[in-house]
Every structure is written in C-alpha cells, then in structure tokens.
Amino acid sequence: MFLMLALSSKAQQKTITGKVTDKDNFPLAGATVQAKGSSETTVTAEDGNFTLELPASIQAIIISYVGYNDREVPLGSSTTINVSLEPGARSMEDVVVVGYGSRRKSDLTGAVGSVRASQLQERPPSSLNQAIAGRVPGVQVNTNSGRPGGQTNVRIRGFSSINTSNNPLYIIDGVALPQGTQNENSNAIDYINPSDIASVEILKDASATAIYGARGANGVVLITTKRGSKTGGRITYDMDMSIPTIGPKRVEMLNAKEYIEVENLAYDNIKVYDPAGWAAGNYATLQDPREKRKNLPLLFDSEGNPLYDTDWLKESTQNKLSQNHQLGFTGGNADNSYGIFLGFRDDNGLLLNSYMTRYSGRFVIDSKIKSWLKVGGSVSYNNQEENLVDRGTGGLNSVRMITEAFPFLPVRYPDGTYAENYHYPGAEGGSNPVHILNDRKFLMNTQTALGDVHVNINLAKGLEFRSQAGVNVVTRGFREYNGRTLDQISRSQNGTAFVGNNRETFWSSENYFTYTAKPGADHDLVAMVGLSWQETNIFNISASSQNFSTDFFQYNNIGAGSQQNPGGSGAARFSFNSYFGRINYTFRNKYLLTVTGRADGSSRFGESNKYTFFPSAALAWRVSEEDFLSNSSVISNLKLRGSYGFTGNSEIPAYQSLENLGTYAGIINDSRVTGVGIGRLANPDLKWEKTAQADLGLELGLWGNRVTLEADVYYRKTTDMLLDAPVPRTSGRATVRRNIGSMENKGLELSLNTVNISTADFSWNSSFNISFNRNKVLSLATSAPIFGVGNPGFTNQTGIIRVGDPVGSFWGLVRLGTWSDKEAAEAAAFNSYRGGKPILPGDIKYLDVNGDKIINDEDRMIIGNGNPDAWGAFFNSFRYKDFELVVELQYSIGNDVLNMTKHSGEDRVGIANSYKTVLNAWTPTNQNTPIAAIRDTRAGYVTNVDTRWVEDGSFLRGRNLLLAYNFPSQVTEKLHLSRLRIFGSVQNFFLATKYTGNDPEVTTYGHPFAQGQTFFDYPKPTVYTFGINASL
Amino acid sequence: MQTNIKFKNIFILLVLPVVVATGCKKFVDETDPSNLTPDSYYTVPEHATAAIASAYAQTRFIGGGAGIFVQNFQMLEAVTGTVKTETGQNSDYNNLLGLAFNGENELINNWWNGLYNVIAQVNLVLDKVPGINPMEEDLKKRILGEAYFLRAWAYFYLVQLWGDVPLITTPQSTSSPDFYPSRTGMDAVYDQIVNDLKTAEASGLAWTDASGRASMGAVKSLLAKVYLTMAGYPLQKGNEYYRLAAEKALEIIDSHEFSLFPNYGDLHNPTLENRGEHIFQIQYLVGVADNPMQGVLLPNFKDISKYGTEVGSIVPTNSFYNSFETGDRRKIDRVGFFYTHYYEQGDGALKDLSAPYIYKHFDSLAHGTAGKEGTGNSSLNWPQIRYAETLLIYAEAQNEADGAPNAAAINALKTVRDRAGLTTPGTFTQDAFRQAVWRERWYELCFENITWFDMVRLRKVFNESTKGFDDFIGHQFADNSAVLAEKHLLFPLPTSEMRNNPNLTPQNPGYL
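Next comes the structure, spelled out in structure tokens:
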C-alpha cells in the first residue's frame, strides 16, 4: 500500500540551529523547540543547543521549557537562533514521548506524566525509581529499605493483579526491560544508570498504555536516554559526594541497666505466671539472673553490675563517604551526532559493609546518512555489585540483632573475639550485629548489556518507516558466604557458601510505519501501524556447600566445604508476537481523537488462547481554543479528555498451562535417589489477565498558565486475574494456575503547579500533587478468602485476600489490652492461649468475637492495610539571582504498618533485648497498659498478630533540601566552562510520624501486598550530599 | 507513481524478512526444557524406581514445619496429655495442646495435605508402572507392592484422623470425575486399606529391607495394626478382627526376622536404622533432607547442643514422666526415653536441666556428646513401626480374641518389660492383662505418634495418677486441665479444603 505513495522532494527543507538559555545565559537542557504550525520538534541538549530541520515554509519556531514562558521566534534569513527564556508559567508545549512516537503535550488524549532530566538531577539518586518518586500523581514509589539502591516498589494506579507482577513495564529507547522475572527485591530498572536518562514518561491510562497491550496493565514507564550533541563537542562532568547518618527516627531499646531490671522481674514473675511449674522445680536450673551475672566476669563485676552499655545501632553503622562521578562526551553536527557517557558510583550504606558500586558506559550515535535515511544506535554496559547485608528476614539476621543484642555485651571481648547473645546463659542466642555484618556476605553482581540499532526511512511525504532491533542481556551472579561462627546462621554448619548465576537474554524487533497528513486545513492525522517480536531466554545455575575448616575461602571455593549440596539448574523461554496500530486525529486543533489497538500473542498461555486484542480509544477537547474562551484573561488553557480501553498482564512464569512432573529427593539406603512424580496440573485454557480502564482528565491553566492544574479520575477493573487457585488437596496438588477473579481500583490524581513569585531576581514556584486510590477484590475462585499470597505467615497468616476488601489487608486479632486483677475470673474462664497455662491478670486480652472463650482463627479479622488513603509530594523551588533552593516534601496518609518486630521487642522478654516500651508493661500498679506483664518466656507468654502491632504509618518526610549556586557566565567564561554549578543537599532531613519503628515506608517482604509489613528493616539514613555540575 | 529505487531495495531488505517471519507460528509455542511431562516419562524400569522414590519422599511431611517452632508430628502428641511446650509462639500448636483446635489449624491441614500427597504419588506409580515394558516382572511386582503398602499407610492415618474420607485411587487431573470428591464411608476405606495390604503381601517383598524400603515385615505389621484398630472403635468389629490381628502379629514374631534392641539407645543410633527392632522408618539424610525434629525436641535455650535453635516446643509433662514405675529403665537419664542432664553446648560439662526431655529421638551425633562436638545436622530416621509394638499388638489381640492371655502373649509383654528391667507376673486375668498391655503401650510407644490412636480406638486414656484408664470423654489432662470431649474422637476436616471442595461435607460433629 505504502509503495503507492509518492516520495516527495527533499529540497524544501531547512535547518535551524541555536541555543536556549535563561536570562543569565544558563543553558536550558530539555527545552522543546517546535516548528510553528507543524509537527517538527526537537529538544535541546545538555548545553542548551538544538538543531531542527523543518519545511522551508515554516515562519516561526516556538520554544518552551518547564517553569518558563513560551517564546515564539520568527524565522528570518538566519539559520542560527539563540533564545533566552523568562521564568514564568508552566508550558503546555512540551513534547512527550508516547509508545512508538511522540506528541506535543497539548495534543495528548491520555494520562501521561513526565519527569525531566533537570528534575532528576535535584537529588542524584542511585536508581530511577527513587528519582521519579513523588514526581507524578498516581505513581506510588515506596522505598522500603535504607540500603543503597533502595528496594523500591512501584505501583501505577494501584494493583492490577493478585498473583502476578504488579511492576510497570519499563521501555528504554524502545527496548523493553524484564518485567516480572527478577527477585531479591529489585528490578531490572535498578541496574540502569539514572544519569543516562534525559526524560521519563509514565503512561497511566488505557489510551496511553494499550499500545503495549498485554504488558501494559501495570502502566508503562518510557525512558529516553541522553543523545549526542548536534552543535560541536561538549564535555560534561557531574559529581557528588555523600555521607549517610542515622536517620531522623530510630527505635529505642533497653539499655544495660534497664535490661537487667527487666530480666530480674521476668525471673521473679515465673512463680506468678507458672506457679505449678515453679513448684515442680522446672526452673531449678534457670539461675536467678542476679546470681548468674556474678559468675560472668567478662560482662559483669562481682556485684553483677554491667561493664558495658552498647548502643548496637551506633556500632552497626558507618558514616562512610560515597561518591558518584558522571562524565559525558558529546559531539557532532546537524546530521551526525554521538555521545560517550561514563559513570562510576560507589555508595556506602549506613550499615557496616553495606555497599553498591556501579560502573557504567554508554555509547550512542545518530546519523542522517541520506536525506531519507537516518540510522542510530546505542550500546550500554552496567556492572553493579551490591552487598545485601540485611538478608535473612525472620532469622537472627543483622538488622534484627541490632535490636535484640544485649546492651551489656561489648562488640568484642578484650581478647578480640566477638561477644554474642548465646554466651549469656538462658538467652535465645544469636550473634552480635557487628559480627554478622562482618562475616556474612551476600553479593549480587548484575551486569546489564543493553543495545539497540534503529533505522528511520522516509518513504514518502509524511510516511516514515522505523525498524528497531534491541538486545538486553542481564546476568546476575550471586555469591554468599556465612562465616563459621555466626550463631543460628551458620555456626551449626561450620560455614555455608552459595553461588548462583542467572542469565536472562532478551531480544526484540519492532517495526512500524508512521503516516502524518493534513488532509485539509481543519484536519490533522497521524497513523501508525507495526509489528513486533520479542523473545526471552533464561538460564540459571547454582551450587552450595557447607562445613568449612576455615573462613578463608568464602564463596570462592565451594569445593572446600566438606558437605556438598546438590547443585541446580533451570531454563525457560517465553516469547511475544504482536501487531499494533494507532490513529491520532485532530479536528480544528480543538477536538482530538486517539484510537489504539494491539494484538498480542504470548507463549505463556494455553494452546487455545495465545492471541488477544487490546483496543482503546480516547477523546479530548481543548476548550480554551473555542471562541468563547480564546480571549479569556483568566483561563489560558482548558482541556477535557476521556479514555477507555483494555490492557493485559502476562507476567506469570513460563509453562504454567502445561502439565509437568516434579522432581523429588528420595532417600534409599542412606543415599539420594532422584524421584519423579506429581507436578503441576495442566490448564490448556489459560489466558491473559485483562484490565479495562476508564479515565477522565482535566487540564487547566490560569493567568497565562501561572497556575496549572491537572486532574484525573479513573476506574480500572481487572478480570480473568491470573492466580494459583487452590484446588482440593485430595488431588495431590495445591493449586492450578487459572484465570479467576476480578478486582477494581478507582482513584483521583491531582497536581497543581503555581508560579508564586516571578521577578527578575527572585522566583518561587510550587508544585503539589496528591493521589487517592481505592482497591477492592470483586470476586475470587472460591468463596474462600486467600491466605498466604504475598504475605508472610508469622505466628499466623498475616494477610488476607477477600472479596469486598482491598488487597494488602492485614489479618489478626484485636488486642483489647491486658487483663486486670478485677477481671481475673473472666480471664480464667478462657481456654488457654499461652501454651496450656491459665490466663491470668497481666496476660494479653483479646477480643473474643464469637464469645466462645477460645481465641482462634474465628476471632481474627482485617485489622489494617498497608496502602495509603492518599499520598503525594510538595515541591517548592526558589531562585534568587544565582542561587536556587529546592524543598521537597513527601507525604502519605492512612497507610498502616504491621510492625511485627513487637513480637520479639515487646511480647517476649528476658531472652534477648526488648524495646524500651516494655518499661510500661503490666504490673499490679500499672494495669491499664497494652503490654503484658513481664515474665520469663518459659513461664508462658502470648504473642499473636494483633492490633497492637498495627500502627498508623502516616508520615510527612523532608525528602530533599537542596541549595545550589550557579556560577554566572562572567566566571564560567573565565574558566572556559559553559556551565558550573555547585550544590549541597540533605535527603530525608526530617520525618514526622506517629510510627514507633525506624521508618513507616517499609516492607521486609518483597511482595507489594506485604507493603507495611516489617520484621526488622534496614534503617533509612539521612544523607548529606555535596556536588558539582560542570560543562565544557 | 514515482518511487525511489534505492529506497525500494533497502526496504525489501529490511521489511521482507519481517513479513516472512510472520508466517512462523511456532514462535509463540512452548516446551519446558527443565521439566518432564507424564506422557514422555515412565517408559523404562528406572522410571519406576524414580516414581516410588517420590512417594517415599512425600512421607517426610510428618517432619515438615507448621509455622514457627513446630513440626507436624507434634500434632499427634499435643492432644495426648503426655507433652507440653516451653515456648508459646505457635497459636495453632497452643490450640492443640489446649484442645481448642478447629479446621483452620495448620497442623491439621498439613496432615491432610501430606497424606493425600503420598496417595497422589502412589496412584501415579500404580497407574504408570504396570505399563512399563519390558521390565523384570519381579521388580515390577515389588515396586507395586511398596506402592500398595504406602497407600494403605496413608489411608490408615486418614481414616483414623477424620473417619469418612475421600477415597482416591487414580491419578487426578482437573477433569477427573473425583477431582471434587465427597467422603467415602469408613468401611470402604478400611476395605481398601486391607486389600492394598493383602496385595502388597503377595508381591514378593523380602522380610526385611535395610535400605529403608517397605518390607514384608512392614506390610504384615501394618496389617496387624489395621486389624487391631478395626476390632476397636469406631468399627468395633470385635473378636474376629482381634484374632486376625493376633495371627498377623504372630507371623512376624514367628519369622524371627526381628528382635528388640538390647539397649534403648539403639533406637536412636543412626547405625542401626531400618533393621533389628525397626520394621519401618521414615528416612532422613543430611544434605538431602535433614531430620527436622531435633531442634524442637531440645530444651528451650539451654545451650546443650551444637544446634543453634533449641526450641523446647515438645517436652514431656511431669505427670507422665513421673508415672513410670520405679526402676523402669526407660526413665533413666540418657539411658531410656528421657534425659534430665546433658553436656554444655553438646560436648562440654554435664549440666542439670532440672526437667525431663525426650531422649527417644535424640541424635547425639548431631548434638554432640561427651568429648565429641556435634555435627549440627541429623540423618536420624523417624520410627513408624517397631517390633516392640508388634509384640504388644499380639499380646493385646490374643488376650481379646481368646478371652485370656496365653503364654506367648504373656511372653510378648514380658519381652518388652524385661528390657525395661521390670518384672512380669506369670499369670494374668483377662482384664489385668488388658490393662497391663495398654499401660505398656503408653510407656513403651510414647512420643511415636501411636498413643493418640490408642486413645481413640480404645476410647480410654491413661490416668497418670491412678495408673488406670479413664474414659476418653471427660478425661482431663493433668498438665493443663484441658478436657477431652466426644468431638475429639475425630479431627475437624480442614476448613480450606471444605471451601475448595463443596462436595466435602459434612464437617465432623462438634466442629464449625
């Protein structure tokens, strides 16, 4: 068909070059330069330079930049145009990248949020997810750990799925990243150097995401990387140095003196809480701690007074300098440009030996070989290594022992050996956190090779063909060693070592035609049609051993362990084949229509359901272009838009529709025999999970866009949810992968940008956003609620998925308080819930829902939810002459935290250190308290997931405070620089919350449904940063 | 139409392969390179061995975890009144100890799931192995015999725990007619068990098998046990079945293939597994599947082992420990079934623990012993059928069948008591003998998941202070005052299973 179209003459084109700066001659990177009355646009480079090729007939260009007034520049005979912009209202003329193309923001019909490089630079982040946090409403980024690299959860408009990935799809320059196949609480995007990124677009509604069909249901993040220069050679250098310190909040543990008092009382109370056992002599060898201590001269004096009082958090942290260097070389001319980008990042975390280092290199080239042919490509390589020091949630790991190590222990005894909890008779045991941080290593080394080549062919007037081949190879190596002396980690095994390797190879071929036409003065049309192939191959191997004679080998000689465990390997392949198209039609520049469709085929689905079609449509009305508003002095922009469409989610492991056999380890004659038996049940009908989404949006600009407001309401309904649905266990299986159940999300997103003050010397801009999302499960496979999906079992199930309730709900008992003396008889009537011993005053009192005097599952209910009612951010940026000040606040309202650390921090005492709150425990004179009377754990205590563990996690965080100085051009010119900026910042500079743990933005379990569930987390530091940005 | 020639060439170069490839439908097909499918496997004799190995592997669920600090085997001890806990963290386990459990209890769920997993593996063996040709007939028969034994073993647990249970005898797919099964009457389940065991009996198994596979001894012992149970509650088949039980037990005694170990320590000596007194055991091996019970059996944080985690979630009640006869060697510290002293960190100075702990399953190789550091992990097997039980089955069944004990029965009891250093009268009345055997079962077979089933089939519970037997219903545990009710004769069906299978009704009486 396209062959029929004539190829137009190229003679009528012209090329304009120039530079965009602010009034101080400070180059503006990322400003949009657009041919007036045409779709030709470009974006300025790092140094503010641009090159734009446009039809000779164009009379003017429009330059726009966030936070500055648009400027229209008439084109004379000169082909070089230097423009300076005045600070002012937010521009509506940004060009945003959408899937398989780009649009002016004013022409968008869908909900798309953008983040620009200049914003990313405000707090040099170690990962992209951290960089976009708070920038776009509807996008919830939880940074759930203080470790370098962050451990982020990203959700766009809530959850779309209950058993498959809720990660958005990340596309870098048109190449997709792995979506649901990575673990260790991180994601392929975490291995991309954020400094390489020029802009980020987040596609939220169906109109925007449907072009990614089967993988678009969780939203799509489009990343555009920095490209070469079109105006000669440039060098840029950005560096920063930072130091982490203990964050604004920390948990308080008992000090040595307090611990001793608590332990004494715990011992004394044995007779109260287990009189029978006491009488029977069960505790005869459990020495009175007062006596016990007198015989421990390494820790106590002869009177039993402690010799040490250690603050384990302090001992376990480091304030070690981190550094980040980013070097860019770009060069070229209007036709050919290239860029070389080098990065080195060395992050030292707050906890001892916690680090992340990243080496990255990138090469890009873009070339216009012929008037009708452009080719380009990029190659990048990242090598990132992290030591995950907080692994082992649930066990006596480093972060847990920071709380539970006895305060009367020194880090080391005078002879240099570590002091440990297990050295203290009667204790639960464990090693001290400094010992664990030194002797336990879990290194994750991720190498990402990402590349693409593309070709654009101008086939005819308005018709362009683009073909892109992309490759992404992610190799993750794991190396773990746990030393020979780490109690309850590897002491019994005399050291354990593990190595593993996982290689994920992805390639894609994307091919599409774009046709741009103006079939009449009132009509604008852009049509796109294309097809794509994608294939992923995964292969992994692992080996482990234990029982080492020395710690020397670490993970470097697995064979040196005298016990070799069976090795493992696995392989998987999955593929997509897709056909897609889109039509954008604009009538009189006022009425906009977008229609999108994608047919996706995936290998992961059943024989009969390989292909599905995902359509969407959107309409927008630029009301402010109508006659009755065009001259309004108040309303400078008003657009209404609405969309509806379908997207999918296919992120289940491969082969789920096929029956298979499982392998088992049989033991015959004291040796291993491979067993082959029952495996997965087949489901040949397995198909896509589908999400339908409706979105209504409003964009409003007032007073020359000094005030802009963008609001969206949406309703999303996911059907055919992919789930490992329970089956009768009489089949020998637990689940079958099925499409079952539905869920809805509805929400509201608002963002408000204002220019409060704008004078020559001083400006003050504000940006506020807020998002609301409500999730509800509408139907499930069975009438039974689902337990154990995404939540840990912790003394009991901690989470529930139930029809009518939101996912991420916590499940537990209601703690009414403690039984008082007056209620002794009432308490005694209860069936024991402390190991058979009678319930006494001072024991925890639960709500007995059905009044049967038995506390069991029938008394459990939903007691909280980890997701906020509302969240967002508030930015203020001030500029005074050459100084800029940015204050960034992040907030979250109504998110609960299930603080399971209270299990060991409060509910049980005397076998490890406790929280200071146990000083308020029940005593005969302090009966009105939620904390049970202190007693030795062996005398019977009570612990259950209950409302005492649920805390309001609402917070207001000072995320970033940044002060920067831009050297004026007189100075930079003398230094032969085009730009010089220095800055200092404090991240996480305050935290206002009622939450009693380290930080309410937390989960120690990877799954998004476990948001807010914590059992000892990596504390989040306050980070002080100093940096320099220079260009030559 | 004016076209650009050069462009055309390049276009064809680029686009043509793309269009051609469209025809390749295979691109989105899938085959799993890491896993087998039932259609491509079970073709050669080796596959039969692999199939039965999976079934054995599944029996290890008994040692599987059930939430914090609890292993599944503890369910059947928690409800007997012979054990208590030193840690209170697991509310499911607490509810078992306090007889306040319901169908949501994780241990109850795990037993149900674990047993049906064994059955599913066995059904696959019984379905696939007969079709493997060529295969040596004797080998095929033996493997099928082992499978029949394991299916009976699993159903025997199921029917004793829950009464009427779904009877599944073929491999399942989502389209199987009994994928959502209803409950089958107990009689039919017992018939299946007896038939499976009789088939196994005829499959040419060797009397003993030191490799840990099911042997003829195991088949006959289990059959004797099944007959004894059928004679009592709830089927109450009476004398005829006592006689069958006695005859079957006598076959084993008369085979002289088995004998009691001279020392109780031999029962948990890793070098004497699957032989001597051990008729059938669940197999453990370090590096493949460590024995997971060792940690929970240790005293709570008394640092007497190489093990870091010393839980004490299953320890004997004082009342039961104190009820042993004076002079009973089974009560002697580190000689019999208990210990009250052990070595600091497993191999240090001997230390008084001031309370009794279970020694019957104690792996001193793993924990350490005087002068020898422990290894920190255990290969010790877990007993299922011991010759001591077979002797007591014979004694009890013969006494019931014939109305009085004969010399062989008294000798069977005496053999067990002799080892304990206790005397045995030469004559008994029927009732005195009956009670003597019951009592001996409580003492000899404690902490082996046997006592509970005795309580249910006899509807009697040993009273530690009177040394007599109380009726099941109304018996109060000495340690925590929990009282047995009629509903406790059966466990509740797992609630989640009832929700996932609407045909699984009704719930057992007394449970919601």
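Here the protein sequences line up with chains A and B, keeping their order. Going by my numbering, the first sequence opens with residue 1, and the numbers climb by one from there. Going by my numbering, the second sequence opens with residue 10001, and the numbers climb by one from there. Don't be surprised by glycine CBs; every beta carbon is placed ideally from N, CA and C.
Interface residues of chain B facing residue 488 (chain A) [CB-CB closer than 7 Å]: 10308, 10309
Comparing alpha-carbon positions, which option in A:126, A:978, A:166, A:677 lies nearest residue 987 (chain A)? A:126
With 9 Å set as the bound, which would you pick, yes or no: does the beta-carbon of residue 838 (chain A) sit closer than that to a beta-carbon of chain B? It does: the Cβ of residue 838 (chain A) has a partner Cβ on chain B nearer than 9 Å.
Hey, how far is the Cα of residue 10448 (chain B) from the Cα of residue 171 (chain A)? 59 Å
Residue from A:797, A:47, A:45, A:41 whose Cα sits closest to the Cα of residue 54 (chain A): A:41
With C-beta atoms as the reference, is residue 707 (chain A) less than 9 Å away from residue 754 (chain A)? yes
Do three or more CB pairs link the region 204-218 of chain A to the region 987-996 of chain A at distances below 8 Å? no
Backbone CA spacing between residue 709 (chain A) and residue 596 (chain A) [nearest angstrom]: Rounded to whole angstroms, residue 709 (chain A) to residue 596 (chain A) spans 27 Å at the Cα level.
Which residues of chain A have a Cβ atom closer than 8 Å to the Cβ of residue 10286 (chain B), listed in chain order? The answer, in chain order, is 563.
Any contact of the region 673-680 of chain A with the region 10046-10058 of chain B, i.e. 3+ C-beta pairs under 8 Å? yes
What residues from chain A crowd round residue 10253 (chain B), counting only those whose CB sits closer than 9 Å? None at all; the shortest Cβ gap to chain A is about 27 Å.
For residue 714 (chain A), count the other beta carbons within 10 Å of its own beta carbon; 16 or more makes it buried, fewer makes it exposed. Which is it? buried
Please give the ranges of any beta strand (DSSP E) in the region 370-454 of chain A, keeping only runs that are unbroken, at least 3 residues long and fully inside the region. 373-387
Identify the contact partners of residue 574 (chain A) in chain B, using a Cβ-Cβ distance below 8 Å as the criterion. 10030
Since residue 10089 (chain B) is in the beta strand (DSSP E), which residue starts that stretch and which ends it? Note, residue 10089 (chain B): premise wrong, no beta strand (DSSP E); not H, not E.
Interface residues of chain D facing residue 10479 (chain B) [CB-CB closer than 9 Å]: Looking at the structure shown, chain D is missing, and the protein chains on hand are A and B.
Count the CB pairs spanning the region 137-154 of chain A and the region 404-418 of chain A that are closer than 8 Å, and state whether there are at least three. no
What residues in the region 10275-10305 of chain B have a beta carbon less than 8 Å from any beta carbon of chain A? 10283, 10284, 10285, 10286, 10287, 10288, 10289, 10300, 10301, 10302, 10303
In its own chain, which residues sit with a C-beta less than 7 Å from the C-beta of residue 270 (chain A), not counting the 5 before and 5 after it? 278, 283, 935, 936, 939
For residue 545 (chain A), list the residues DSSP reports as bridge partners. A:497, A:564, per the DSSP bridge assignment.
Partners in chain A for residue 10142 (chain B), counting only beta-carbon separations shorter than 8 Å: Those do not exist, as residue 10142 (chain B) stays about 13 Å from chain A at its closest Cβ, beyond 8 Å.
Using a C-beta to C-beta distance shorter than 8 Å, which residues of chain A count as neighbours of residue 10348 (chain B)? By Cβ distance, chain A contributes nothing, its closest Cβ being about 12 Å from residue 10348 (chain B), past 8 Å.
Using only alpha-carbon positions, find the residue among B:10112, B:10069, B:10127, B:10085 that is nearest to residue 10038 (chain B). B:10127
Closest Cα partner of residue 200 (chain A) within the set A:212, A:908, A:174: A:174
Quick check: what's the CA-CA separation for residue 10312 (chain B) versus residue 195 (chain A)? 54 Å
Quick check: the region 868-888 of chain A against the region 782-798 of chain A, are there 3 or more CB pairs under 8 Å? no
Residue 524 (chain A) by DSSP, collapsed to three states: which one? strand
I want to verify the contact list: residues of chain A whose CB lies under 8 Å from the CB of residue 10352 (chain B), in sequence order. 284, 285
Helix, strand or coil for residue 942 (chain A), going by three-state DSSP, please let me know. coil
Cβ of residue 140 (chain A) less than 9 Å from any chain B Cβ? no
Would you verify that the beta carbon of residue 10136 (chain B) is, or is not, closer than 9 Å to some beta carbon of chain A? no
I'd like the list of long-range same chain contacts for residue 517 (chain A), defined as Cβ closer than 7 Å, with 5 residues on each side in sequence excluded. 462, 525
Please determine if the region 214-228 of chain A and the region 147-158 of chain A are in contact, where contact requires at least 3 C-beta pairs separated by less than 8 Å. Remark: three or more beta-carbon pairs, one from each stretch, lie closer than 8 Å, so the region 214-228 of chain A and the region 147-158 of chain A are flagged as touching.
9 Å is my cut-off, CB to CB: does residue 10084 (chain B) come that close to chain A? yes
Spell out whether any CB of chain A is found under 9 Å from the CB atom of residue 10500 (chain B). So, interface residue.
Can you tell me where the alpha helix (DSSP H) holding residue 152 (chain A) begins and where it ends? In the DSSP assignment, residue 152 (chain A) falls outside any alpha helix (DSSP H) and lies within the beta strand (DSSP E) extending over 152-156.
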